[in-house]
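K.L.:
Submitted below is the structure of interest, expressed as structure tokens.
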Amino acid sequence: MTTRYVVLLRGINLGKARQVGMAELREALAARDATGVRTHLRSGNVVLDSPLGEAELVAEVEAAVRERFGFDVPTVVRTGAQIADVVAADPLRAVATDPARYLVTFLPSPPAPERVAALPPADRGEFRVAGRELFLWAPDGVASTPLAAWNWDRLLGVPGTARNWNTVRKLAQLAGSL
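With the first letter of the sequence shown counted as 1, position 72 gets the number 72 in full-length UniProt numbering; the numbers rise by one all the way through.
Here you go:
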């Protein structure tokens, strides 16, 4: 039995370093028994089917990238159903009017409650932490809203990888959950 997953690679193809070709990535993952491997954009978004559990799949993907491309890439996975739950939750729908300015950061594990409680208030924009996701609304644009520049990895104590709402919805669609 296989599970449909959305695989999110952090920090690839953001300049000249850490370049990952999508065709090569698909081949590397298919060689490790993933099936139905598809990519979306060049920012490390993959939809695939695998018999592995989440932790094993993360290890396999990270090993495949290390072997094929020669560097480590932190990876976060969600099932297709979990991505559908993220889209359905949409906790900032009342204020997030532009999907390009609405980000979801996917975390490998939930941040500690005391870290979430200690987050400073947002001066401009809004955020919500819900389970393993951080939802962030940057009304002035991601580059212009100070909230988007916060060091969320340090504040939450958990590294994550962010995608805008357009990408999240497209990944849910590709995973067959929308």
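Yeah, the Cβ is synthetic: ideal placement off N, Cα and C, and Gly gets one too.
Remember, predicted model here, so these are calculated numbers, not experimental data.
Look at the alpha carbon of residue 35 and the alpha carbon of residue 49, and state the distance between them as a whole number of angstroms.
P.N.:
For the purposes of this step, residue 35 is taken as residue 35 along the sequence shown, with counting starting at 1. For the purposes of this step, residue 49 is taken as residue 49 along the sequence shown, with counting starting at 1. Roughly 5 Å separates the two Cα atoms.
K.L.:
For the alpha helix (DSSP H) that residue 156 lies in, which residues bound it at each end?
P.N.:
Along the sequence shown, read from residue 1 onward, the residue named residue 156 stands at position 156. 152 to 156 is the span of the alpha helix (DSSP H), which, as asked, contains residue 156.
K.L.:
In whole angstroms, what separates the C-alpha of residue 33 from that of residue 52?
P.N.:
One-based indexing of the sequence shown puts residue 33 at position 33. One-based indexing of the sequence shown puts residue 52 at position 52. Their Cα atoms are separated by approximately 9 Å.
K.L.:
Check residue 163 in the structure and name its three-state DSSP category.
P.N.:
As a first step, residue 163 must be located in the sequence shown, where it is residue number 163. In the structure shown, residue 163 sits in a strand (DSSP, three-state: E or B).
K.L.:
At a cut-off of 7 Å, is residue 116 close to the ligand GTP when judged by its beta-carbon and the heavy atoms of the ligand?
P.N.:
With respect to small molecules bound, the structure shown includes none, and the ligand GTP cannot be examined in it.
K.L.:
Unbroken alpha helix (DSSP H) runs of length 4 or more, entirely within the segment 71 to 147: which are they?
P.N.:
The segment 71 to 147 contains these whole alpha helix (DSSP H) runs: 80 to 89 and 113 to 117.
K.L.:
How is residue 9 classed by DSSP in three states: helix, strand or coil?
P.N.:
By one-based count along the sequence shown, residue 9 stands at place 9. Strand, per DSSP.
K.L.:
So, with DSSP's three-state summary, where would you put residue 169?
P.N.:
Locating residue 169 in the sequence shown gives position 169, counting from the first residue. Of the three classes helix, strand and coil, the one that applies to residue 169 here is helix, per DSSP.
K.L.:
Could you tell me whether any Cβ in chain C is nearer than 8 Å to the Cβ of residue 174?
P.N.:
Here chain C cannot be found, since the structure has a single protein chain.
K.L.:
Can you name, in chain order, every residue of its own chain whose Cβ lies under 7 Å from the Cβ of residue 158, other than the five neighbours on each side?
P.N.:
On the sequence shown, residue 158 is found 158 positions in, with the first residue counted as 1. 107, 108, 109 and 111.
K.L.:
Would you check if the segment 57 to 74 and the segment 5 to 18 touch, i.e. whether three or more CB-CB distances between them fall below 8 Å?
P.N.:
Judged by Cβ distances under 8 Å, the segment 5 to 18 makes contact with the segment 57 to 74, as three or more pairs qualify.
K.L.:
Kindly indicate which three-state DSSP category residue 48 falls into: helix, strand or coil?
P.N.:
Position 48 of the sequence shown, counted from the start, is the residue given in the question as residue 48. In the structure shown, residue 48 sits in a strand (DSSP, three-state: E or B).
K.L.:
Based on Cα-Cα distance, which residue from 17, 173 and 160 lies nearest to residue 104?
P.N.:
For the purposes of this step, residue 104 is identified with residue 104 of the sequence shown, where counting begins at 1. Nearest C-alpha to residue 104: 160.
K.L.:
For the beta strand (DSSP E) that contains residue 38, what are its first and last residues?
P.N.:
The count along the sequence shown starts at 1 and reaches residue 38 at position 38. Run containing residue 38: 35 to 40, per the beta strand (DSSP E) assignment.
K.L.:
When the Cα atoms are used, what is the spatial distance from residue 169 to residue 114?
P.N.:
Position 169 of the sequence shown holds residue 169. Position 114 of the sequence shown holds residue 114. About 30 Å.
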